[in-house]
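A short write-up of the structure that comes next.
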Amino acid sequence: MADAKNADFQLNPLIPVDDALGRLLNDVQSYVETEQITLDQALGRVLAEQPVSLVDVPRGDNSSMDGYAVAMASLNKAGPTVLPLSQRIAAGDEPQTLAPMSVARIFTGAEIPAGADAVVMQEKVTVDEQGIHLPADIELQQNIRPKGQDLQMGEQLFAQGKKLQPADLGVLASAGISHVEVFKPLKVAILSTGDELIEPGEEISPGKLYNSNRAMLNALITQMSMQVVDLGKVEDTLEATKAALIQASQSADIIITTGGVSVGDEDHVKSAVDALGKLDLWRIKLKPGKPLAYGKVKGELKDIPIFGLPGNPASALITFCLFARPYMFKLQGGEVTKPLKFKAIAGFDHVKSGTREEYMRGVYEEGTAMRFTNQSSGMLSTASRANGLIVVPVDATFKAGDWIDFIPFSELLK
Ligand code: AMP
Ligand code: MG
Numbered sequence: 022m023a024d025a026k027n028a029d030f031q032l033n034p035l036i037p038v039d040d041a042l043g044r045l046l047n048d049v050q051s052y053v054e055t056e057q058i059t060l061d062q063a064l065g066r067v068l069a070e071q072p073v074s075l076v077d078v079p080r081g082d083n084s085s086m087d088g089y090a091v092a093m094a095s096l097n098k099a100g101p102t103v104l105p106l107s108q109r110i111a112a113g114d115e116p117q118t119l120a121p122m123s124v125a126r127i128f129t130g131a132e133i134p135a136g137a138d139a140v141v142m143q144e145k146v147t148v149d150e151q152g153i154h155l156p157a158d159i160e161l162q163q164n165i166r167p168k169g170q171d172l173q174m175g176e177q178l179f180a181q182g183k184k185l186q187p188a189d190l191g192v193l194a195s196a197g198i199s200h201v202e203v204f205k206p207l208k209v210a211i212l213s214t215g216d217e218l219i220e221p222g223e224e225i226s227p228g229k230l231y232n233s234n235r236a237m238l239n240a241l242i243t244q245m246s247m248q249v250v251d252l253g254k255v256e257d258t259l260e261a262t263k264a265a266l267i268q269a270s271q272s273a274d275i276i277i278t279t280g281g282v283s284v285g286d287e288d289h290v291k292s293a294v295d296a297l298g299k300l301d302l303w304r305i306k307l308k309p310g311k312p313l314a315y316g317k318v319k320g321e322l323k324d325i326p327i328f329g330l331p332g333n334p335a336s337a338l339i340t341f342c343l344f345a346r347p348y349m350f351k352l353q354g355g356e357v358t359k360p361l362k363f364k365a366i367a368g369f370d371h372v373k374s375g376t377r378e379e380y381m382r383g384v385y386e387e388g389t390a391m392r393f394t395n396q397s398s399g400m401l402s403t404a405s406r407a408n409g410l411i412v413v414p415v416d417a418t419f420k421a422g423d424w425i426d427f428i429p430f431s432e433l434l435k
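Following this line, the structure appears as C-alpha cells:
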C-alpha cells in the first residue's frame with residue numbers, strides 16, 4: 022500500500038512555487054456570508070462592500086496654522102499692511118464672512134471664513150493699538166488646507182476584499198462611516214497527527230515530543246482574524262483520522278492538518294481523505310516543504326478544502342505562509358496580494374541550491390540579510406529568532422555582497 026502511494030507520488034512532476042499557488046487560488050470557491058459590524062470590531066476584517074466617503078475631508082477649507090486669516094485683495098501691494106481684527110475663529114466654530122479690510126484671528130483646524138484666501142502665521146505678525154501688522158510676502162492660499170484635499174464626498178475608499186488595517190479604520194471614521202459590511206470569519210479546523218505528540222504541560226517520556234504545530238497554527242489563524250476549531254491530536258490510525266476529518270468537515274469551512282502526509286506506513290491523512298473525498302500529494306519545488314497535500318472532503322452542504330501540511334514545524338510554517346494563508350484569505354472573500362519582498366545584501370555565500378526554490382530563515386539588519394546556518398526543517402527556534410525569509414531561486418549561486426530577496430515575516434504573519 023505504502024509502495025503504491027510512493028510510486029504515484031514519485032511520478033508527479035515537481036511544481037514551481039508560483040504555479041502551485043496559482044493553481045490553488047484558481048480552485049478557491051469563495052465563501053460569501055457577510056455581516057455588518059462597527060468600526061471598533063473591524064480591525065483585520067475583510068470588506069464585503071466598497072464604502073464611499075459621506076463627506077468632503079476636510080469639510081471646508083481650514084487653517085494649518087495658528088495665525089490670521091486675510092483677503093489678498095485687502096493687502097498693500099507695495100509693503101506691509103495694517104488691518105483691524107474683526108473676529109476670532111477657533112477649531113469647531115462656524116465662521117462669519119470676513120468683514121472687508123479686516124483680519125480674523127484663526128487657529129489650527131478652524132474653518133476659513135468666506136472672503137479670506139490666505140493665513141499668516143502668528144509668528145510673522147505684530148499686534149499693537151494700530152491693529153495687526155502683516156508682512157509683505159503673503160501668497161494666495163498659503164497655510165490653507167483646501168476642502169476635500171484628503172477625501173471627496175462620494176469617493177470610493179477601498180475595494181471589496183481589502184483587509185482593514187488601523188489607518189483604514191481612521192479613514193473610514195473620517196469619512197463619516199460607522200459600520201461596515203465584512204465577510205464572516207472563516208472557521209478553520211486544525212488537527213495534528215502523530216502518536217509521538219504530547220501537549221505542553223504533560224510529562225514527557227521516551228519517544229515523545231511536544232506538539233508545537235498546534236500552538237503555532239492556532240496563533241497563525243487567530244492573527245488572520247479567523248476562527249480556530251481546534252480538534253487537537255489525532256492518533257496515527259486510518260479510523261481515527263477519518264473520524265477526525267468527518268468532525269472537522271461538519272464544524273469548519275476548511276481543514277488544516279499537520280504531519281502524516283508522507284508515504285510511510287504511519288501516514289494516514291491521504292487514505293483518510295481519499296475515503297471521504299480526494300487528496301492530491303503535490304511535490305513542490307520548495308525547500309523546506311516539498312510535500313504538500315491539498316484536496317476536498319465531501320461535507321453535507323459543500324466540499325471542505327483541506328491542506329495537509331508537513332509535520333516538520335518549519336515546513337509547516339512556511340507552507341502555511343506560502344499556500345494555506347493566501348488560499349484561506351481568498352476563500353473568505355479577500356483580495357490576495359503578493360507579500361512585499363525587498364532587496365537585501367547577502368551576508369553569506371551560497372552555492373547552487375539545486376532544483377528547489379529555497380526559503381531560508383534569516384535576519385535582516387541594516388540592509389544585510391544573514392541566514393541561520395542550520396536550516397533543518399525540524400528546527401522551529403530559528404523561525405522564531407528570524408525576522409523573515411531569504412528567497413533563493415532554483416539553481417542560484419551567490420556570494421556575500423550580492424543582492425538577494427527578503428520577505429519580512431511581518432508580510433507573512435498578519
Ligand atoms: P510526519 O510528516 O508525520 O512524518 O512528521 C515529520 C516530522 O515532524 C516528525 O519528526 C514528527 O515528529 C514531526 N512533527 C509532526 N507533527 C508535529 C507537531 N505537531 N509538532 C512538532 N513536531 C511534529
Ligand atoms: Mg507522523
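Sequential numbering of the sequence shown, starting at 22, is according to our numbering.
Note that CB positions come from ideal geometry on N, CA and C, so glycine has one too.
Would you report the Cα separation of residue i and residue j, rounded to the nearest angstrom?
i, j, result
"Ile-219", "Leu-410", "29 Å"
"Gln-181", "Val-255", "38 Å"
"His-13", "Ala-139", "Examination of residue 13 is not possible in this model, given that the chain is present from 22 through 435 alone."
"Lys-364", "Tyr-348", "26 Å"
"Ala-269", "Lys-291", "15 Å"
"Glu-224", "Asp-251", "21 Å"
"Pro-187", "Phe-350", "18 Å"
"Glu-386", "Cys-342", "22 Å"
"Ala-94", "Gly-88", "18 Å"
"Glu-395", "Met-381", "Before going further, note that residue 395 is Asn rather than Glu in the sequence given. Roughly 10 Å separates the two Cα atoms."
"Leu-64", "Glu-432", "17 Å"
"Pro-312", "Asp-288", "13 Å"
"Asn-239", "Glu-356", "23 Å"
"Lys-435", "Pro-429", "11 Å"
"Lys-306", "Ala-407", "22 Å"
"Gly-253", "Thr-214", "9 Å"
"Val-284", "Asn-333", "14 Å"
"Ile-58", "Leu-190", "12 Å"
"Lys-308", "Pro-206", "31 Å"
"Phe-204", "Gln-163", "44 Å"
"Arg-109", "Ala-131", "10 Å"
"Thr-358", "Ala-421", "30 Å"
"Val-412", "Gly-388", "15 Å"
"Met-142", "Met-86", "6 Å"
With DSSP collapsed to three states, give me the class of residue i.
i, result
"Gln-244", "helix"
"Gly-65", "coil"
"Glu-356", "coil"
"Gln-143", "helix"
"Val-53", "coil"
"Phe-427", "strand"
"Phe-344", "helix"
"Met-93", "helix"
"Pro-334", "helix"
"Arg-377", "coil"
"Asn-83", "strand"
"Ser-213", "strand"
"Gly-191", "helix"
"Gln-177", "strand"
"Ser-270", "helix"
"Gly-253", "strand"
Flag residue i as yes when its Cβ comes closer than 7 Å to any non-hydrogen atom of ligand 1, and as no otherwise.
i, result
"Pro-331", "yes"
"Arg-403", "Reading the sequence as shown, one finds Thr at residue 403 and not Arg. Because no heavy atom of ligand 1 lies under 7 Å away, the Cβ of Thr-403 does not count as near it: no."
"Leu-218", "yes"
"Asp-171", "no"
"Ser-283", "yes"
"Asn-47", "no"
"Asn-232", "yes"
"Arg-235", "yes"
"Pro-436", "No information on residue 436 is available, as it lies outside the stretch 22 to 435 that the chain covers here."
"Pro-334", "yes"
Does the beta carbon of residue i fall short of 7 Å from some heavy atom of ligand 2?
i, result
"Thr-437", "Outside the displayed range of the chain (22 to 435) lies residue 437, so it cannot be described from this structure."
"Thr-214", "yes"
"Asp-288", "yes"
"Gly-228", "no"
"Gly-399", "no"
"Gln-280", "The sequence shown places Gly at residue 280, not Gln. Yes; taking the cut-off as 7 Å, the Cβ of Gly-280 has a heavy atom of ligand 2 nearer than that."
"Asp-301", "no"
"Asp-416", "no"
"Asp-257", "yes"
If you measure from the CB of residue i, is any heavy atom of ligand 4 nearer than 7 Å?
i, result
"Gly-253", "Ligand 4 is not part of the structure shown, which contains ligand 1 and ligand 2 as its ligands."
Original post:
Is it true that the region 283-299 meets the region 218-232, where meeting means three or more beta-carbon pairs spaced less than 8 Å apart?
Top reply: no
Original post:
Pairing CB atoms from the region 70-79 with CB atoms from the region 371-383, are three or more of them under 8 Å?
Top reply: no
**OP:** Say whether the region 164-182 touches the region 106-126, bearing in mind that this needs 3 or more beta-carbon pairs closer than 8 Å, one atom from each stretch.
**Re:** no
Original post:
So, do the region 153-164 and the region 93-107 have three or more beta carbon pairs nearer to each other than 8 Å?
Top reply: yes
Original post:
Does the region 318-338 come close enough to the region 353-367 that 3 or more CB-CB pairs lie under 8 Å?
Top reply: no
Original post:
Pairing CB atoms from the region 275-290 with CB atoms from the region 196-211, are three or more of them under 8 Å?
Top reply: yes
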